[in-house]
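In the working numbering, the protein residues as written are 2 to 417. Notes follow once the structure below has been shown.
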Ligand code: ATP
Ligand code: MG
């Protein structure tokens, strides 16, 4: 029997993990400069939390959740997203006693989707939530932070698309208008949308089926139906975005796949070369969710970045790397000195492994090469007597004799 991974549950291997770490560290250093603090959230929650917040008629809740009965028979779900857990924690720990709470998190999410490049059943997100701020400046500043993050990572062609989904005072009328339009154009709609338009016609705008895209092409636009409060908010978001030097694309069809959004929604797309898997970050305002889940009325704005897709966009030359050195001792005395030298180099953060094999130096050098070494450091009897080592640069095969106290300066980073 051979053992393989469950489809869509990926291993992230060395070579890629360095890019992930760089992405996470960059996010963390930028987000913390904007006042965000990290929260660590559980991977499982009660199913009810997601059903109530994401919405019963969304794709996620209808067909994508990993839901189990635990040993007690309680329905639990592997989190498909992080906003609902963050809001649950915000209410549970009364974080709302602070006027504004800015949270940041990262970790795996789970959705039973059709696995393909850029779309997995376990995938990783970096998420951030601003809870307790109703100002359109919060939307614009958070979006500018996100654009700064993509800029710092030198992601090419990151485009911000925004829309407004209105709120409880204007969306119902729009829903009715859209419903009537869809009834007239129902012949092209997929079966799922035909059923959903009765309760949630907006879902048809988010459906990826060709027939639904076609049928909704000339559907009435939500942006034209906003009430005064929502229209002003949307105008201000765009005004403040300009202050940050950002010119978004207005996409009136973008309704997002989660029901809790109100007012501003957005997506950042980039050329991933993966067709419809081109959204690398998405989010928006959710002013009704905290009270919906039993907390005090709290306006919020948040987003999530997909790490797999972002890592595809990241040029590997952007990722800081530290070279590996393989240490080769020839003889017992050299081994003894080696223990001391290696320990010293490691203390200054240099990556060094010792080759414990015996045999011809030529064979050992080949092993060092296969280990991916940037340098081989050789300590033989002669070197030991003179207080030096021989350093071989594996890339160009250049060899030098270097005094012990100068070795760290050479193997510690020069070979990036
Ligand atoms: P899509 O439209 O691509 O399905 P989504 O609207 O479902 O994305 P969100 O729930 O808003 O996405 O999640 C935010 C980001 O997380 C997406 O922009 C994407 O980068 C990433 N993401 C979502 N689902 C997956 C997945 N199954 N595999 C990998 N990344 C994903
Ligand atoms: Mg999706």
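We put the beta carbon where it would ideally sit given N, CA and C, even for glycine. None of these values were measured; they are calculated from a predicted model.
- Residue 213 sits in a helix when the DSSP states are folded into three classes.
- Here residue 165 carries a strand assignment [DSSP, helix/strand/coil].
- The Cβ atoms of residue 374 and residue 327 sit closer than 8 Å to each other.
- As the crow flies, the alpha-carbon of residue 235 is around 22 Å from that of residue 103.
- Measuring C-alpha to C-alpha distances from residue 261 to each of 211, 357, 301 identifies 301 as the nearest.
- Annotated three-state conformation of residue 173 is helix, per DSSP.
- Distance from residue 379 to residue 412 at the Cβ level is roughly 12 Å; contact not present, criterion being Cβ atoms closer than 8 Å.
- The alpha-carbon separation between residue 151 and residue 89 amounts to approximately 29 Å.
- In this structure, residue 278 has its CB closer than 7 Å to one or more heavy atoms of the ligand ATP.
- When only Cα atoms are considered, residue 40 and residue 316 end up about 29 Å apart.
- Here residue 146 really is in contact with residue 31; their C-beta atoms are around 6 Å apart, less than 8 Å.
- Between the alpha carbons of residue 371 and residue 308 lies a distance of about 30 Å.
- Residue pairing for residue 38: DSSP places it in a beta bridge opposite 104.
- Counted as a single uninterrupted DSSP element, the stretch harbouring residue 14 is not any alpha helix (DSSP H), since DSSP gives it neither H nor E.
- Annotated three-state conformation of residue 125 is strand, per DSSP.
- In the DSSP assignment, residue 240 falls outside any beta strand (DSSP E) and lies within the alpha helix (DSSP H) extending over 229-244.
- Look at the beta carbons and you see the region 5-12 not touching the region 47-61: under three pairs across the two are nearer than 8 Å.
- Shown here, residue 272 sits in coil according to DSSP, grouped into three states, outside any helix or strand.
- Within the DSSP bridge table, the entry for residue 301 names 132 as partners.
- When the alpha-carbon of residue 134 is set against those of 97, 156, 160, the nearest one is in 97.
- Under the three-state reduction of DSSP output, residue 75 falls in the coil class, being neither helix nor strand.
- In the three-state reduction of the DSSP assignment, residue 117 falls in the strand class, which pools E and B.
- A straight-line Cα-Cα distance of about 32 Å links residue 256 and residue 75.
- Between residue 249 and residue 162, the C-beta spacing is below 8 Å.
- Rounded to the nearest angstrom, the gap between the Cα atoms of residue 33 and residue 212 is 44 Å.
- For the ligand ATP, no non-hydrogen atom lies closer than 7 Å to the CB of residue 293.
- In the pairwise beta carbon analysis, the region 115-127 is classified as touching the region 272-285: at least three pairs are separated by under 8 Å.
- Linking residue 400 to residue 376 through their CA atoms gives a straight-line distance of about 10 Å.
- By the CB criterion at 8 Å, residue 111 and residue 86 fall outside the cutoff.
- The beta carbon of residue 92 sits closer than 7 Å to the beta carbons of 291, 294, 295, 296 from its chain, once the five residues preceding and following it are set aside; these are given in chain order.
- Approximately 3 Å separates the beta-carbon atoms of residue 241 and residue 141; this is inside 8 Å, confirming the contact.
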